[in-house]
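Some notes on the structure that comes next.
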Amino acid sequence: MSDRITFSIDGVRVKAHPDHTIMEAADEVGIYIPRLCHMPGLSPHGSCRLCTVMVNGRPTPACTQPVADGMMVESDTPAVLEHRKVLIEMLFVEGNHFCMFCERSGNCELQAMAYRFGIAAPRFPYIFPKRDLDASHPHVFFDRNRCITCARCVRASQELDGKHVFGFVGRGPHKRLAFNSEGPLAETDLEVTDKALDACPVGALLRKGEGYKVPIGERLYDHEPIGSEIEARKAAT
Amino acid sequence: MNESMEAEIARICETHGRSRTRMLEITREVQSHLGCIPAKAMTLIARELSIPRVEVEGFVSFYAFLSDRPPGRHVIRLCNCAVDRMLGFERIAELFQEELGIGLGETTQDGFVTLESTPCSGMCDQAPSALVDDVVVTDLSREKVRDILRELRVHGDPRQLVHRQGDGNNAHELVQAMVHNNIRMEGPLLLTPLNRGEAISKALGMSPTEVIRVLKAARLLGRGGAGFPTGMKWEFCRDADGEKKYVLCNADEGEPGTFKDRVLLTEMPDRIFAGMTVAGYAVGAEEGIVYLRGEYAYLRRFLNSVLDRRRGDGLLGKDILPDHTSKPFNFDIRIEMGAGAYVCGEETALISSLEGFRGDPKNRPPFPAQKGYLGYPSIVNNVETFCCVAKILEVGAATFSELGTAHSSGTKLLSVSGDCRRPGVFEVEFGITLRELLELAAGEDAVAVQVGGPSGQLVGPESFDRKIGFEDLATGGSIMVFGPGRNILEIVHSFVEFFEEESCGYCTPCRVGNVLLKQTLERIMEGRGEPEDIELMETVSRTMKAASRCGLGQTASNPVTSSLASFRGKYEALLSTAREGRRRAFDLDAAVAEAAVVANREPARSHN
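The listed protein sequences correspond, in order, to chains A and B.
For the first sequence, this note's numbering gives the first residue as 653, with consecutive numbering after it.
For the second sequence, this note's numbering gives the first residue as 27, with consecutive numbering after it.
This is how it looks when you write it as C-alpha cells:
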C-alpha cells in the first residue's frame, strides 16, 4: 500500500496505516508495547499508562496516539521500562491482589505483566485498602479488591454488549467501579454470557462455578510471557 | 413523597431541555430542592435525560458540592488551604467543632449545620475564610465564628451574615459580599477603566485573521499558567472544520493561593466578556460559556446582570454593533457553575464537565481547538487572558507588548498571600523579581515562596532574584509567602493532600502516586523515615510527571520535588537508619494490633 506512512520504534523503521495508533502499528509488526487497559476491539482508554512511550522525546501513551510520518518512538529504554515497572507496582499496592489463591492466577494480565518485568515484590508499601465484594448475581462474582479500574468491562458492556452495566463513581483514590442500578450487581441486566465478563484482565469479575478449571501448566501465561503472541508475529515475518 | 419528587425532577429536567449538557444545573437544582441527590433521584434524573443511571451516580459522586446524603440546613465549608492553615484554620475549625459539638464532615443532630473543610476557596488574602452555603465569610475570628452561629440560629439566612460589604462591586446590590478586592497595585493594563464596546468595535473593523495577527504581534501567552500562545490557539480553532465553534472561559480559579480572577470577575466583567466576544468573532463562534467555580456562586447574579446590560447595549446577542461590520455578527454568553472539582480547571476536564460528564480530562489528540465542547472546535482561555485580549484591541499590540520581557509580554496579575503585611492583587510587569514583589507586598522576611500554587515551585531565598515570567518562574498568579518559623514539610503535606483529594483517579500514576507521596511524607514527618524514603518519593514523582494523563498529575509531585531541591535538609534532619534488618517504616505494634485484640492481650512494646 502506497498510502502508508513510515516512523520508527526504537530505531526500527515501521510502515503503518495513517489511521492507526502507535500501539496498533507496533502490534502489526510484532513489537509488543505493554498495556493493561487497552483491548483490541474496544475504544482506547489511556488510563493504565503502561504503554507510555517517548514520542520525539515526549512521554505519550501508545494506545491513544496516532502515528505520524517521521515520528520517533522509543519504547525499550531504561527510563521507559522503569516507568512501566513503577506503574505495575503501583497497581499491586493500590489494591489487594492475592495471587496465591486468586482463580485468575496464571491467566491474569497484571500478574503476567509483573512476571514479564521481573517484579517479585513491589518496592512500595502496600496500601491495604478496605474494599468490598458483590456476590449477589447468580452467575457472576465481583471482587473490588482486585479491580484496577481499567474500564475494560465498562467499555465492553457498552461497545460489545450494547448495555451499560458498569460505570465509575467517586474520584481520586476513591474512584471505584459501580453498577447501573440502585442496588447490587444482581439488579443490573448483566448476563453470564456478556462479553464484558471476558474483558476483565484481572480477577475482579469472575463467572461463578468456573474457578481453577484450567490446570496449572495449561494456563495462558504458564509458558510464555504476556505479549509473546504479538512478538511471535515478528518471528513469523 | 416519591410522587412529588418525581414531578419535581421531571419539571427541573424539563426546564433544562432534558439535556445532559445541563447536568451541572440540573443536579444543583435538584439538590437545592431536596437537600441532596438521593439514590432514587439519580434514577429519576437518568430516566428523564435518557442516560444510564450509573453515569448520574458517577457525576454526583465526582463533585464535592454535590451529595447523595442529606446535609444539615446549612453547609459550612472551611477553607483549609496552606495559607488558611497558617492564618488560623486549626483554631477556627476547633471553635466551630466545639460550638457545634461535631467533627469535620459531620452534621449536628438537630440537622442545623454540616461542617466540612474545602480546598482553597480563593480568599487567601482575607483568610481564614469559609463558605456558609453560598455566602463567603472572611477574616474569621473567634468572635466572628460565635456571631455567625448565633445569628444563623436566629434568622437562618446566610446572606444576613454580611454586615459590612467589601469594596467596589462587592457592595453591588446583586453581590453584597463581605469580600474585599485588596487591589494593591493597579497596573497599566488590566485594572484600568474601559469603554465597554471599544475592543469589539475595533475587532469588527478588522478581518478575523487580522484580529488573530494582532494577538500574535502582541505575543500574548495564556495567563492560566501554561503560557500557550493565544493567537496560535485561536488560529487552530479558526482553521478547524466545524459546523459551529465555542468560546469557553475558564473561571474555575482553583489553584490554591490564586484569587486574581475573582477580582477581575468582580471589577472587570465587561473586559472579560468583551474579550470573549472578540474571540467569537475571530474564531467564528456564536456561543460562549463561562465556567465559573462553585465557590464564586455569589457573583453569578451580578455577572448575569452585566450580560443582560451588554445585550441591551447591542454588545451581545444578535447583530452586534451593526454599524461596524458588513456581515451580521451574533454572539452570546452564558454562565455555568462548577461544583467543587479542581481538576475542572484543566481545559479538557472543563469540557467534560460542561458536557455533563465526570470532570475527567480527555485524551489528546484531538485537542479542543480541533474537537472540543460536544465535538466542536473550541477555545478555552483563562479569565485574565480574555481581559488581555480586550486590552490589546483597546490599546494596540505595540503598547501592550512594550511592557514585560522579550519572552513574556505585558503585565500579570499576581495573587499574593501568606506571611506578608499587604496581601492582595498586584498587577505587575513580567520580569519583576520575587524580591521586588516581596517588598511591594511587605513580605521581606520570607524564607520560602510557593510560586504558581501547589502545582508550581517552592523556592527559597537563593531564588528571590529570579524573575516572574514564562521563561523563568512561571505562574498562573498564585504567590504564597512563608515567613520564618513555618514548617516547610507541613506546607508540602497540605499540597500533597490537596492533590490526592483532587485527582480525578482516571490514570494510575496520579491516582496511586499521590497516595504514596502522602504516606511517605507522613512517615518522615512522624520520625519514621529512612534515607530510602527520599529515593522512593523521587521515583514516584518521576513516573507521575512522565506518565500522568493531564497537567494535574504531571505537576502534582512538584511540591515534593521542588522542596527536595530547595529544602532537602528539612527532610534529612528527620531521617535515620533503622537497626540492621529492621524497617523503620514498619510498625510492628500497629501490625499486630488487630490480632492482639482478637487474642485479648497487650502486644509487647518497643520492637523498633
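For glycine and all other residues, C-beta sits at the position ideal for the given N, C-alpha and C.
Quick caveat: nothing in here was measured; it's all calculated off a predicted structure.
query: Short-range partners of chain A found in the region 520-536 of chain B, where Cβ spacing is below 8 angstroms; result: Glu-526, Glu-527, Glu-528, Ser-529, Cys-530, Gly-531, Tyr-532, Cys-533, Thr-534 and Pro-535
query: Residue-chain proximity (B:Glu-548, chain A), Cβ-Cβ < 8 angstroms; result: no
query: Option in B:Thr-303, B:Arg-168 and B:Leu-464 with minimal Cα separation from B:Phe-115; result: B:Arg-168
query: 3 or more residues per run - each beta strand (DSSP E) lying fully within the region 422-490 of chain B; result: 437-444, 450-455, 474-477 and 483-485
query: With 16 other Cβ atoms within 10 Å as the buried cut-off, status of B:His-206; result: buried
query: B:Ser-233, buried or exposed, once every other Cβ within 10 Å from all chains shown has been counted against 16; result: exposed
query: Within chain B, the residues that A:Leu-743 reaches when beta carbons sit closer than 9 angstroms; result: Thr-534 and Val-538
query: Contact set between B:Ser-627 and chain A, taken where Cβ atoms lie within less than 8 angstroms; result: Just to set this straight, residue 627 of chain B is Arg in the shown sequence, not Ser. Neighbours of B:Arg-627 on chain A: none; closest Cβ ~23 angstroms, over 8 angstroms.
query: Against chain A: residues of the region 601-612 of chain B by CB proximity under 7 angstroms; result: Ala-611
query: Same chain only: Cβ atoms within 8 angstroms of B:Ser-632, ignoring 5 sequence neighbours per side; result: Model confidence at B:Ser-632 stands at a pLDDT of 48, short of 50, so the residue's coordinates are unreliable; what they give is reported in the following sentence. Cβ within range, chain order: n/a, list empty.
query: Contact list for B:Glu-81 against chain A, beta-carbon separation under 7 angstroms; result: Gly-819
query: 8 angstroms Cβ cutoff met for B:Gly-251 and B:Ala-500; result: yes
query: Burial state of B:Thr-144, where buried means 16 or more other Cβ atoms lie within 10 Å; result: buried
query: B:Cys-39 (DSSP reduced to helix, strand or coil); result: helix
query: Alpha helix (DSSP H) segment containing A:Asp-795, residue limits; result: Run containing A:Asp-795: none in the alpha helix (DSSP H); it sits in the beta strand (DSSP E), 792-795.
query: Collapsed DSSP secondary structure at A:His-669 in the structure displayed; result: coil
query: Boundaries of the beta strand (DSSP E) in which B:Asn-408 is found, first to last residue; result: 404-408
query: Supposed contact pair B:Val-171 and B:Phe-122 - C-beta distance, whole angstroms, cut 8 angstroms; result: 6 angstroms
query: Buried or exposed (CB count within 10 angstroms, at least 16 for buried), B:Met-27; result: The predicted position of B:Met-27 is uncertain, since its pLDDT is 49 and thus under 50; a value taken from the coordinates is nonetheless stated next. So B:Met-27 ends up on the exposed side.
query: N- and C-terminal bounds of the beta strand (DSSP E) containing B:Gly-182; result: No beta strand (DSSP E) contains B:Gly-182, which DSSP labels as neither H nor E.
query: Buried versus exposed, by CB contacts within 10 Å (16 or more), B:Asn-513; result: exposed
query: B:Phe-456 beta carbon less than 8 angstroms from that of B:Gly-436; result: yes
query: Separation of B:Pro-214 from B:Leu-439, as counted between CA atoms; result: 11 angstroms
query: Whole-angstrom distance between B:Pro-154 and B:Leu-590, CA atom to CA atom; result: 28 angstroms
query: Proximal residues to A:Ala-887 (C-beta, below 8 angstroms), its chain only, five neighbours per side dropped; result: Gly-682
query: Partners in chain A for B:Thr-587, counting only beta-carbon separations shorter than 7 angstroms; result: Those within 7 angstroms of B:Thr-587 in chain A number zero; the least Cβ separation is about 15 angstroms.
query: Chain B contact for A:Leu-739 (CB, 8 angstroms cutoff); result: yes
query: Nearest candidate by alpha-carbon position, reference B:Arg-95, set B:Ile-35, B:Pro-64, B:Met-506 and B:Leu-547; result: B:Pro-64
query: Sequence-distant residues of its chain with Cβ nearer than 6 angstroms to A:Arg-871 (five each side left out); result: Gly-758 and Asn-759
query: Assigned secondary structure, B:Glu-116 (DSSP; H/G/I helix, E/B strand, else coil); result: helix
query: Endpoints, the beta strand (DSSP E) within which A:Ala-838 is located; result: First-last for A:Ala-838: undefined, no H or E at that position.
query: Separation of A:Val-844 from A:Gly-693, as counted between CA atoms; result: 20 angstroms
query: Any 3 or more C-beta pairs closer than 8 angstroms across the region 838-858 of chain A and the region 811-830 of chain A; result: yes
query: Straight-line gap, A:Ile-771 to A:Val-664 (C-alpha atoms, nearest Å); result: 28 angstroms
query: Within chain A, the residues that B:Thr-565 reaches when beta carbons sit closer than 7 angstroms; result: Val-738
query: B:Gly-148 beta carbon less than 8 angstroms from that of B:Asp-278; result: no
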